[in-house]
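Working notes for the structure below.
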Amino acid sequence: MTDFLRTPDENFEHLIDFPYQSNYHNWKDMRMHYVDEGPKDAPVMLL
Numbered sequence: 032m033t034d035f036l037r038t039p040d041e042n043f044e045h046l047i048d049f050p051y052q053s054n055y056h057n058w059k060d061m062r063m064h065y066v067d068e069g070p071k072d073a074p075v076m077l078l
C-alpha cells in the first residue's frame with residue numbers, strides 16, 4: 032500500500048468562510064472528509 036499522511040485536525044480549526052460540520056468516512060487506515068449540507072431530499076452532488 033502507498034504511504035499517506037494525515038493533516039492534524041488543528042490545521043482545520045477556525046477556517047474562514049467554512050462554517051460546515053466535519054464529517055469523515057474511514058476506510059482501512061485512511062480518513063476522507065466530506066460536507067453533508069442542504070435539504071435531505073436534495074440531489075446528491077459527488078465530486
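For the sequence shown, this note's numbering assigns the number 32 to the initial residue and increments by one for each residue that follows. For each residue, glycine too, the CB sits at the ideal point set by N, CA and C.
- Beta carbon of Y55, beta carbon of V66: below 8 angstroms? Sequence index remark: in the sequence shown, residue 55 carries index 24 (1-based). Sequence index remark: in the sequence shown, residue 66 carries index 35 (1-based). Not in contact: Y55 and V66 (Cβ atoms no closer than 8 angstroms).
- Straight-line Cα distance separating K59 from A73: Reading the sequence shown from its first residue, position 42 is the one you call residue 73. Reading the sequence shown from its first residue, position 28 is the one you call residue 59. A straight-line Cα-Cα distance of about 30 angstroms links A73 and K59.
- Message: DSSP has H64 in a bridge; who is on the other side?
- Response: Within the sequence shown, the letter at position 33 stands for residue 64. Answer by DSSP bridge pairing, in chain order: Y55.
- Task: Please go through the same chain and pick out, in chain order, the residues whose beta-carbon is closer than 6 angstroms to the beta-carbon of H64, but skip the five residues on each side of it.
- Result: Within the sequence shown, numbered from 1, the residue matching residue 64 stands at position 33. Around H64: Y55.
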